[in-house]
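Peer 1: Residue numbers (my numbering), protein chains in the order written: chain L, 216 to 686; chain H, 894 to 1268.
1. Comparing the C-beta of residue 1072 of chain H with each C-beta of chain L, is any distance below 9 Å?
2. Could you tell me which of H/1044, H/1006, H/1039 and H/1037 sits nearest to residue 1028 of chain H, measuring between CA atoms?
3. Does any residue of chain H bring its CB to less than 9 Å from the CB of residue 226 of chain L?
4. Counting pairs of beta carbons, one from the stretch 1010 to 1025 of chain H and one from the stretch 1179 to 1195 of chain H, are three or more of them closer than 8 Å?
5. Could you check whether the Cβ of residue 659 of chain L sits closer than 9 Å to any Cβ belonging to chain H?
6. Is residue 549 of chain L close to chain H? Criterion is C-beta to C-beta, closer than 9 Å.
7. Taking the DSSP output, what are the residues bridged to residue 371 of chain L?
8. Start and end of the beta strand (DSSP E) containing residue 1096 of chain H?
9. Which partner residues of residue 224 of chain L appear in the DSSP bridge assignment?
10. May I ask you to list the residues that DSSP assigns as paired with residue 1104 of chain H?
11. Sort L/247, L/413 and L/478 by Cα distance to residue 268 of chain L and report the nearest one.
12. Does the distance from the CB of residue 1245 of chain H to the CB of residue 1198 of chain H come in under 9 Å?
13. Bridge partners for residue 1083 of chain H per DSSP, in chain order?
14. Can you grab the Cα-Cα spacing for the pair residue 450 of chain L / residue 274 of chain L, in whole Å?
15. Rank H/1123, H/925 and H/1218 by C-alpha distance to the C-alpha of residue 964 of chain H and give the top, closest one.
16. So residue 1247 of chain H contacts chain L; which residues on that side make the cut at Cβ distance below 7 Å?
17. On the CB-based measure, 16 or more other CB atoms within 10 Å of its CB, does residue 1170 of chain H come out buried or exposed?
18. Determine the chain L residues that contact residue 1194 of chain H at a beta-carbon separation under 8 Å, and present them in chain order.
19. Nearest-angstrom Cα distance between residue 476 of chain L and residue 674 of chain L?
20. Any idea what DSSP makes of residue 956 of chain H, helix, strand or coil?
21. Mind checking residue 424 of chain L: buried by the 16 CB within 10 Å criterion, or exposed?
22. Is residue 238 of chain L buried or exposed, if buried means 16 or more other CB atoms sit within 10 Å of its CB?
23. Counting along the chain, where does the alpha helix (DSSP H) carrying residue 1205 of chain H start and finish?
24. Just curious, the alpha helix (DSSP H) that residue 1000 of chain H is in, first and last residue?
25. CA-CA distance, residue 644 of chain L and residue 598 of chain L?
26. Check whether the Cβ of residue 283 of chain L lies closer than 9 Å to any Cβ atom in chain H.
27. For the stretch 1053 to 1078 of chain H, which residues have a beta carbon sitting closer than 9 Å to at least one beta carbon of chain L?
28. Distance check for residue 408 of chain L and residue 490 of chain L, CA to CA, integer angstroms please.
29. So, is residue 484 of chain L buried or exposed, given that buried needs 16 or more other C-beta atoms within 10 angstroms?
30. Is residue 663 of chain L closer than 9 Å to residue 594 of chain L when the C-beta atoms are compared?
31. Taking its Cβ as the centre, do 16 or more other Cβ atoms sit within 10 Å of residue 1096 of chain H, making it buried, or is it exposed?
32. Does the distance from the CB of residue 1134 of chain H to the CB of residue 1252 of chain H come in under 9 Å?
33. Looking at the unbroken alpha helix (DSSP H) that takes in residue 1070 of chain H, where does it start and where does it end?
34. Under 8 Å: does the beta carbon of residue 227 of chain L sit that close to some heavy atom of the ligand SAH?
35. Distance, Cα to Cα, residue 1275 of chain H vs residue 1004 of chain H?
36. Can you name the residues of chain L whose CB is closer than 9 Å to the CB of residue 1186 of chain H?
Right under this line is the structure:
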């Protein structure tokens, strides 16, 4: 129990409550994004989600199968060009293109992966690097009508926009100034969700478990009857298909596809996102996508005023800092942001499994009064921290407009900690009523509950106000 | 026990093998038809076989072909020198050091700076060979230092980590070095001073018309390779390197300082990359911060083509890759009726790699790796 604020038994009512809180956070985050952000920021969010899907594809090979694949930029490119060509030249609908893109990506994955995977893992790395390096020049060649399809060096614009059908206009942000990007955001969110679901199920299925077994012990997996080359190749091909799906989303989002977008730099961004998000975790891809897009933007904004930018607008400092971050992460947090997040959430709440008989395990019952009072105390501190920061932020904002950031930080703190404090406080109060806590717990616990509830109400009110203002 | 296991595996993956055989056969058919068409073209440009796919094909004249071959070999010698570093590091540590291409770039950049300084001082034209020696030595020093610092700072703390980790670190290092060069030297291509005219003029040598620069490149590469061969095969240091590549633990038990030997390996690879950087500068006279990327990847391909861990193989792989990428587009693909063949250089280089992986997975001259790296 050391250090955790709350301990709940797995699948108990409390655990479910926490799960609902998590899902509510996720839903709130997704719903607020198109409402609160500016259109260009929604565009960046879309980019981040697309990168997230592509990183997930890389993760399927690198994280879950233990093979090195460094060339998924080429699969993204293939998906994007197929989509552009189908939509622009053949007047297909985006939805109709999806199966085509997935099949084409799958076949490309088989073709690239089979010769390399048959031999050994290193060669997959090499072949995929080569693939990523060659791809931008391949789309420009005049042979077999490739250049006509891809637009050659000029790239290809897709004039057809995804237009919101009238029955989807109730989605937050779709009508009004940020309509276009918000609508694309919802489409991309839908596709990301379905992809995540399918991949989760795939990894739990028989082939998926074979993939994990190969990562953990190749010889052992072979002994247990896993057909190594076929499972590896199929996994690589599925990953390639997911990568091309990301390419389709890229085309849908940008409306313009060019060979220069899918260079080795993109492949490296994918690897960076993978490592920083978390290798071998499902959420890692999305976190990594957010990181790559937003931090890239941030470092760019830092380096431009310093006069350090190259012709394509990318700050060299940005990439140098990226390189440093990558090195630091491999040294200090090899599990990426996801593992850091798990560490922090373990500090807040710990889920302990039940005994096989279904009873909660012992330490849940035999409480240590001293520790329990500290639990209520820390909940109280949490509940105070958010509002105090909010107040300080408000004061500073009136002193100097540059301090708005503190207010925003206080708001985010409140959003994060208020429900935790509220739940912990009410739990402690309930335990006190049942006679499981000393009286010293009562004060801090009720304060935590009340302040937390206030903060929660405040946040909900704030969200409602933003909602009403935007409509 | 193992044999039955293997037999079972092979019997189960038959369709995979059929598919691979199909790819192999396609490759070989394309190559042989292209070669036949080329030969037919050489015999008589009007003959129908030479024209079946591409009526406009004119065929190469012998001097053109020789020119392409020499260009390819000069570039291939450079790939070979870079490949040595990849191959040695892979042999010793078992990971692809992506930042090695950047070590090469550092060498080329240092050569650019020193040669321009020398040209400003007016020494470049007058005492070219001395200047060349000087820039080669400074470039070797700088790139060796880069490689050694890289090993010390980024790779040594990660010894024993899963193989993915140092590889990703090396991508980070590569990014860092590339962009550090932009920060220090600015973006945009930078050029070497003009070479003295006695060097760049063509001279004939056993039927070949060779530009002096390419001759110089080939000679320098040969000298460096000979020096490396002597170091690895004839000295105590080289013996230690080979022992560490074979088995680090046993080497340590035999009294070899493994860390020192690994540093030396990085240093030697860095020195070779430095020489290659100067050769790049002399050949193309233009350097940019991304210079290291494509030659780096091609050099690693060359190391695999020649057989990774095998030094002679790395050099031979580099030469054959360079020659193939220079000649194959015009020799093989043009008679087959492919348009715009000169854009396909890079694609051809990697097609050579895939072909070798399919036909001889351990490389043309066989790989030399210890047991645990042969995963």
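Idealized CB from N, CA, C, for every residue including glycine.
Peer 2: Taking the coordinates as given:
1. yes
2. The shortest CA-to-CA distance from residue 1028 of chain H to any of H/1044, H/1006, H/1039 and H/1037 is the one to H/1006.
3. Taking Cβ atoms only, chain H never reaches closer than 9 Å to residue 226 of chain L, which makes this a no.
4. no
5. no
6. yes
7. L/472
8. 1095 to 1098
9. For residue 224 of chain L, which the question treats as bridged, DSSP gives the partners L/567.
10. H/1095
11. L/413
12. yes
13. Beta-bridge analysis with DSSP links residue 1083 of chain H to H/1180.
14. 11 Å
15. It is H/1218.
16. 330 and 342
17. Its Cβ being crowded by 16 or more others within 10 Å, residue 1170 of chain H is buried.
18. 341 and 345
19. 40 Å
20. helix
21. That one is exposed.
22. exposed
23. 1204 to 1221
24. 993 to 1013
25. 15 Å
26. yes
27. 1054, 1055, 1056, 1057, 1058, 1059, 1060, 1061, 1062, 1064, 1065, 1066, 1067, 1068, 1069, 1070, 1071, 1072, 1073, 1074, 1075 and 1076
28. 22 Å
29. buried
30. yes
31. exposed
32. no
33. 1057 to 1078
34. Ligands in the displayed structure: none, and consequently the ligand SAH is not present.
35. Chain H is shown from 894 up to 1268; residue 1275 of chain H falls before or after that span and cannot be answered.
36. 348 and 479
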